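Scroll down for the structure; my scribbles are underneath it.
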Amino acid sequence: MNDGPGRAPLLRARALHKTYGTTHAVQGVDFRLMPESYVTLLGPSGCGKTSILRMIGGFEDVSSGMLELEGQPLNKVPAARRPINTVFQSYALFPHLSVAENVAFGLAYRDLGREAQRARVEQALAVVRMQDFAARRPRQLSGGQQQRVALARAIVNEPRLLLLDEPLSALDRRMRKDMQIELKDLQRRLGVTFLHVTHDQEEAFALSDWIVVMNRGQVEQQGAPQDIYRRPRSAYVADFIGGSNVIPGRITARQGEEARIETALGPVVAAAEESLRAGDAAALCVRPEQFGQAAGSAFEAVVTHVVFAGSGWHVELRAGQQELAAQFTEPPETGAALRLGFDPARVWIARAGEAVA
1 MNDGPGRAPL LRARALHKTY GTTHAVQGVD FRLMPESYVT LLGPSGCGKT SILRMIGGFE
61 DVSSGMLELE GQPLNKVPAA RRPINTVFQS YALFPHLSVA ENVAFGLAYR DLGREAQRAR
121 VEQALAVVRM QDFAARRPRQ LSGGQQQRVA LARAIVNEPR LLLLDEPLSA LDRRMRKDMQ
181 IELKDLQRRL GVTFLHVTHD QEEAFALSDW IVVMNRGQVE QQGAPQDIYR RPRSAYVADF
241 IGGSNVIPGR ITARQGEEAR IETALGPVVA AAEESLRAGD AAALCVRPEQ FGQAAGSAFE
301 AVVTHVVFAG SGWHVELRAG QQELAAQFTE PPETGAALRL GFDPARVWIA RAGEAVA
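Numbering of the sequence shown is given in UniProt numbering, commencing with residue 1 and proceeding in unit increments.
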């Protein structure tokens, strides 16, 4: 992340490892969280993102490597003494306590008088717009309201860092969209750094200032959302974060920021990941919306499936042995042969790699 002049990271992970028996869940991870930022750990199940979150929260020991909070070692600090709170996927609310009592539970180990505690609880509930529900029990609340109570219980301690472990996964699609807006707004109003774990790329893009893409316990790429979307470093990232068509090939020439790649669709000259050199295996990344019907210098593909997708039509095609996906405003006939093309200035050449399972 771009630190900016005179800015120091709030939290830094250096060569972070976590093993469970013979399983190496986290393998040499490095990243920084800047103050007042919204950062997402993004990746599929089993990629190590929740293990990282639990090590930061103090719920798991660090196998090797270092965590530092504001420049001070964090590894040996007990969870209860870290200025860090966690919002869990299950919300973990106590069913026999009221909303206000659930929030107050977060202050159980703070040396506060009754009036000071009450004021803190009222303030936290007001921040998440739940002050009118203070006397209710969790079972009397919707999923979104329970999520807000869990957030209030986490922020009542005024943490320096808030960890969110798949906090929206139990909500329906509409409620997730609404809560994304509320989470981003809450983070901005509080000025607290949020570290959010998710497998949902749309959620990550909607919320984040910075995204860390995980793959098999390692950082595959990290950066601002727009940079990761436009310039994925690998075929894995291109596929995972946006469903790109990943067309394998080999680099035959490199000049400046561009490279020439030979693919099943023919040769293409386009902007390329900086480490690629002539002879390297690579992947041409073309997003479905970048394909268009063309004449002249193009390639032929046969339509195999057509699905209505609301704002347009999702079309699957086959060009020789290469399967492709495109988005059209008008549906072609299944079985039709089309000539397709794309603007080389809009596509990207990434490192070769595995597809997302």
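Where is the CB? At the ideal position from N, CA and C, for every residue including glycine. This one's a predicted model, so the numbers in the text were calculated from it and none came from an experiment.
- For alanine 271, the uninterrupted beta strand (DSSP E) segment begins and ends at 266–271.
- A direct Cα-to-Cα measurement between leucine 340 and phenylalanine 328 gives close to 11 Å.
- According to the DSSP secondary-structure assignment, arginine 173 is paired through a beta bridge with no residue.
- The three-state secondary structure of proline 248, taken from DSSP, is strand.
- Leaving aside the five residues that flank leucine 164 on each side, the residues in its chain whose CB is nearer than 8 Å to its CB run, in chain order, Thr86, Val87, Leu183, Phe194, Leu195, His196, Val197.
- Per the C-alpha coordinates, the member of Leu67, Asp178, Thr252 positioned closest to proline 267 is Thr252.
- Boundaries around valine 307 are those of the beta strand (DSSP E), 299–308, since no alpha helix (DSSP H) includes it.
- Judged by beta-carbon spacing, leucine 162 lies beyond the 8 Å limit of leucine 69, meaning their Cβ atoms are not closer than that value.
- With 16 or more neighbouring CB atoms inside 10 Å of its own CB, arginine 233 falls in the buried class.
- Taking 8 Å as the cut-off, the beta carbon of tryptophan 210 is found closer than this to the beta carbon of valine 39.
- Here aspartate 209 carries a coil assignment [DSSP, helix/strand/coil].
- A buried status is given to isoleucine 247, since no fewer than 16 other beta-carbon atoms sit within 10 Å of its beta-carbon.
- Rounded to the nearest angstrom, the gap between the Cα atoms of valine 121 and valine 156 is 6 Å.
- For serine 64, there is no enclosing alpha helix (DSSP H); the residue is found in the beta strand (DSSP E) stretching over 64–69.
- Restricting attention to Val128, His24, Pro73, Glu158, the CA atom closest to the CA of glutamine 145 is found in Val128.
- When beta bridges are read from the DSSP output, phenylalanine 328 appears opposite Trp313.
- For arginine 114, the enclosing alpha helix (DSSP H) stretches over residues 114–127.
- Relative to glycine 249, the option among Glu115, Gly243, Arg260, Gln255 whose CA is nearest is Arg260.
- The beta carbons of glutamine 322 and alanine 235 sit about 14 Å from each other, so the pair does not count as a contact at 8 Å.
- Under the DSSP definition of a beta bridge, phenylalanine 194 partners with Tyr38, Leu162.
- Straight-line measurement puts the Cα of aspartate 343 at about 47 Å from the Cα of serine 64.
- The C-beta separation of phenylalanine 59 from alanine 80 comes to about 11 Å, leaving the pair out of contact by the 8 Å criterion.
- Per the DSSP secondary-structure output, valine 219 pairs in a beta bridge with Met214.
- Assigned with DSSP and collapsed to three states, alanine 92 falls in coil, not helix or strand.
- When beta bridges are read from the DSSP output, isoleucine 155 appears opposite no residue.
- Approximately 15 Å separates the beta-carbon atoms of phenylalanine 31 and valine 237; this is outside 8 Å, ruling out the contact.
- Nearest to glycine 71 by alpha-carbon distance, out of Asp280, Gln27, Gly143, Ala13, is Ala13.
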